[in-house]
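Worksheet: the structure to be examined is printed underneath.
Number of protein chains: 2
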Amino acid sequence: MTEELLGANLKVIGIVRNGIRQRPESGWQGIVSELVIDSHLTEALDGLEEFSHIIVIYWMHQVSPLDKVATKVHPQGRQELPLVGFFATRAPYRVNPVGVTTVRLLERQGNILKVEGLDAVDGTPVIDIKPYIPEHGAISEAKVPSWVTKR
Amino acid sequence: MTEELLGANLKVIGIVRNGIRQRPESGWQGIVSELVIDSHLTEALDGLEEFSHIIVIYWMHQVSPLDKVATKVHPQGRQELPLVGFFATRAPYRVNPVGVTTVRLLERQGNILKVEGLDAVDGTPVIDIKPYIPEHGAISEAKVPSWVTKR
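Going line by line, the protein sequences match chains B and W. Under my numbering, think of the first position of the first sequence as 1, with each following residue one higher. Under my numbering, think of the first position of the second sequence as 1001, with each following residue one higher.
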């Protein structure tokens, strides 16, 4: 088997607006972004405002297809952390640069969702939004390698 | 703004194998699947086995591009639940039929990941795998609409 093109027509459903051009040094916590969703899709957002958190699926467009994807990386670019395969990290350099982040939904106004904690720069294309439903996403007893919590 | 094609070359990184042709009546809990990842990507999985849970991102290929996406749906097809926009549900009928599910990683053997709880039928293309890191995905105080927990 070799990696095949899916032949999928991925569509942009909206754009991230937060004025941020690169990863903030202090991280993304507390960063407020607006997701400006295609106005034709406004009604498809109805009911989302009843959720406190949503899952944003986006395309990390700053990763050029010409960038070579290294098989192994140091998580967060920190040399003191062990080299692991990119699938064991959230690094943007991966076969498909799809980002998935659970964020707090602060407000919905029509086709605009105001969210907190999204780790995406200004202009990032959004490809899907899903409600955060704890039974599908919250794991109380998750185990992670020790490098994850190393400060 | 209208929905634009992203022009992204989405690649298949692996395939779901579980022998299941349609949603089991009793749900997906406890269902064990194998994710057969492209053997060229085996090393990119190194270190993933240290996580108890992973996030599987997949393409719901049984949704035909010719299927009309209804703006509003009854969650889980249950008529007694309120009509909400599809972005407020996990319905497969959405602009981009991308599925995102957190599952337990039971075992890794080379390029094969054995997982529990994936809600995808046999043959589903996998497009990404990420580690489940509680600080990026677990929300202890999430609020959901009452229909979510209605039995």
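Glycine included, each C-beta is placed from N, C-alpha and C at the ideal position.
DSSP places His53 of chain B inside the beta strand (DSSP E), whose first and last residues are His53 to Trp59. At least 7 Å separates the beta-carbon of Asn1018 of chain W from that of Asp128 of chain B.
With distances taken between CA atoms, Thr89 of chain B lies nearest to B:Val148 out of B:Val56, B:Pro24, B:Ile13 and B:Val148. For the region 42-57 of chain B, residues whose beta-carbon sits nearer than 7 Å to a beta-carbon of chain W comprise Glu43, Ala44, Leu45, Asp46, Gly47, Leu48, Glu50, Phe51, Ser52, His53, Ile55 and Ile57.
Residues of the same chain with a CB within less than 8 Å of the CB of Phe1087 of chain W, apart from the 5 flanking positions on each side, are Arg1094 in chain order.
Annotation for Val115 of chain B: the continuous beta strand (DSSP E) segment containing it runs Ile112 to Glu116. Residue-level contact check: Ile1127 of chain W touches chain B, since one or more beta carbons of chain B fall below 7 Å from its beta carbon. With a 10 Å radius around the Cβ and a threshold of 16 neighbouring Cβ atoms, Arg1078 of chain W comes out exposed.
No Cβ-Cβ contact shorter than 7 Å links Leu1113 of chain W with Thr1101 of chain W.
At the C-beta level, Glu43 of chain B and Gly1085 of chain W come within 7 Å of one another. When secondary structure is reduced to three states using DSSP, Pro134 of chain B falls in the helix class. Taking the Cβ atoms as the reference, His61 of chain B lies roughly 6 Å from Thr124 of chain B, within the contact range of under 8 Å.
Annotation for Arg1104 of chain W: the continuous beta strand (DSSP E) segment containing it runs Val1098 to Gln1109.
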